[in-house]
Amino acid sequence: MDYHPLPQPDQIETRIKEDAMGAYFMMFATAAMGLPLPILNLVAAIIYYYVNRDKGKFVQFHTLQSLYSQIPVTLLNSGLVVWTIVNFVRDLDFTGFYWGYLVMVATANLVYFIFSIVGAVRARKGFFYYFLFFGKLAYHQVYRIRPERDQSTLKNRPPGP
Amino acid sequence: MQRTILRDLLVLLGVFGLIWLVFSLFSYPEDPQLLSIHKEEKLGEVYVDLILLNPMFEEFENRQVSSAVKVIGDRLEEGLEDSEYNYRFVVFNSPMINAFTVPGGNILISTGLIGFCDSPEELAAVIAHEMGHVEERHVVSRLLKELGIEILTSGDQYVIGEVSGLLTSTSFDRKQEAAADLFAAKLLESTSIEPRTLATFFRKLEEEMDNELMQHFEIISTHPNFRSRIREALSFKSAKDFKADPIDLDWELIRAEL
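Same order as they appear, the protein sequences are chains G and F.
Each residue of the first sequence is one higher than the one before, counting from -11 in this note's numbering.
Each residue of the second sequence is one higher than the one before, counting from 86 in this note's numbering.
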């Protein structure tokens, strides 16, 4: 499978680098909003992706990586909120599995937070930074050469034989 | 590329799954299984001896009262064929309306409580409730949660003294009280004692809620939700062929001994 060549930092405009960095900082802006309802974070990330995806593959890669990595974190956080509410409402025990899940969710959030900061700094400098799994997935999605789609977007074509 | 993406996904799932599993196993310090019943009974003996040394819990030595409590206890034990505990009932001399459970199947009952009960069935209901805490191992869970297995089994005299003090004022959470109530209702029914006696006793307690003599009674530790417990106890459905068989004791004579 072939991939488009990657741009080097000096080939990327500062404005594009800032937009790519913005994908990671989105979560800070929505963190307070997302605390009671974690799904709001995800909605904001999806909107950011659709607004910025036409700004080139570099921005697209970073927004998609941020969005993909946010999906499992959001689902885990939502699971924790639901589990906690159900336990309180139905007066159930906070079992070992609950506390284990809580630690796991906290770890996932911490890892996501650290990786997002590093990702944002690297994006601002015009570098690629690959998260485990999500980085490769986003790269594959954005930089894979898809002849049908890439051809169809070309308005100017060479003359026929 | 797709293969490495899949490999990364498996690594992520494995790492986080392992974190969940490991912390689930290590974050449950109150599991009563950590302390065997044999060890619990040994600890219980020491605690009871220490508690009885306290002048506030001085043993009430009266043959008639002790044998009456034993009659009630024996009747209830008939309904506990599978129990691993050897129950011991101790009456202590105190005007406080109080009864509590000490690890190892030891149930301590105050003379104040015996005087407060209008019938042997009411006392049986309280004892059945305490037996519920014993069988469900609530005391052990509570101690393990508050102190941890290392401290609890350390054998340190100072710790043992502190634990004995804790036991006389242990309170349980709503769920544990509800479980002990249900256990008591079933046990009373299986030993031909009217299970709704528990509701009668709770109602009496509710009327006396401001009585200072009751302030250490664990049975009322869920005070704000007492009404729902009365409702639960009243709504207990006995088997159709249930027939109450009163406990054969001259209760007024027993109370006169106090």
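The C-beta atom is built at its ideal place from N, Cα and C for all residues, glycine as well.
Owing to the predicted nature of the structure, the values given are computational and were not obtained by experimental measurement.
query	result
Cβ contact (3+ pairs, closer than 8 Å) linking the stretch 165 to 176 of chain F and the stretch 229 to 237 of chain F	no
Beta-carbon proximity of residue 114/G to residue 5/G, cut-off 8 Å	yes
Whole-Å CB distance - residue 361/F paired with residue 132/F, under 8 Å assumed	Because chain F in this structure spans residues 86 to 343, residue 361/F falls outside the shown range and cannot be described.
Residue 198/F versus 170/F, 154/F, 241/F, residue with shortest Cα-Cα distance	154/F
Within chain G, partners of residue 257/F - CB distance below 7 Å	By Cβ distance, chain G contributes nothing, its closest Cβ being about 13 Å from residue 257/F, past 7 Å.
Residue 178/F (DSSP reduced to helix, strand or coil)	coil
8 Å Cβ cutoff, residue 67/G in contact with chain F	no
Per-residue DSSP class, three states only, for residue 40/G	helix
Within chain G, the residues that residue 216/F reaches when beta carbons sit closer than 7 Å	Residues of chain G passing the Cβ test: none, with the nearest at roughly 21 Å.
Residue-chain proximity (residue 103/G, chain F), Cβ-Cβ < 8 Å	no
Separation of residue 90/G from residue 45/G, as counted between CA atoms	36 Å
Where the alpha helix (DSSP H) containing residue 136/F begins and where it ends	122 to 138
Nearest candidate by alpha-carbon position, reference residue 111/F, set 92/G, 147/G, 35/G, 126/G	92/G
Nearest neighbour of residue 88/G, chosen from 103/G, 11/G, 144/G, 71/G [CA to CA]	71/G
Status (buried if at least 16 other CB within 10 Å, exposed otherwise) for residue 109/G	exposed
Inter-stretch contact (C-beta, 8 Å, three-pair minimum) for the stretch 312 to 321 of chain F and the stretch 257 to 276 of chain F	yes
Other residues of its chain near residue 56/G: CB distance less than 7 Å, five sequence neighbours each side excluded	122, 125, 126
CB contact below 8 Å: residue 95/G versus chain F	yes
Strand pairing of residue 132/G, partner residues [DSSP]	-9/G
Same chain, Cβ closer than 7 Å to residue 281/F, neighbours up to 5 away in sequence not counted	318, 319, 321
Cβ pair count under 8 Å reaching 3, the stretch 121 to 137 of chain F against the stretch 181 to 195 of chain F	yes
Exposed unless 16 or more other CB atoms sit within 10 angstroms - verdict on residue 77/F	Shown here, chain F extends from 86 to 343; a query on residue 77/F therefore has no answer.
C-beta contact flag for residue 125/F and residue 225/F at 8 Å	yes
Chain-ordered chain G contacts of residue 194/F [CB-CB under 8 Å]	Near residue 194/F there are no residues of chain G at all, since even the closest Cβ is about 29 Å away, more than 8 Å.
Outcome for residue 170/F when other beta-carbon atoms lying within 10 angstroms are tallied against a minimum of 16	buried
Short Cβ contact (8 Å threshold) for residue 261/F with residue 223/F	yes
Residue span of the alpha helix (DSSP H) that contains residue 311/F, given as start and end	311 to 319
Presumed contact (8 Å Cβ cut-off) between residue 53/G and residue 107/G, rounded CB distance	7 Å
Residues that residue 39/G contacts on chain F, provided the C-beta gap is smaller than 8 Å	Residues of chain F passing the Cβ test: none, with the nearest at roughly 26 Å.
Cβ pair residue 33/G, residue 111/G closer than 8 Å	no
Beta-carbon proximity check, residue 149/F vs residue 339/F, cutoff 8 Å	yes
Per-residue contacts from residue 90/F into chain G (C-beta, under 8 Å)	121, 124, 125, 128
Min CB distance residue 9/G to chain F below 8 Å	no
Among 277/F, 123/F, 238/F, the one whose alpha carbon lies nearest that of residue 206/F	277/F
Check whether residue 217/F and residue 265/F have beta carbons under 8 Å apart	yes
Collapsed DSSP secondary structure at residue 152/F in the structure displayed	helix
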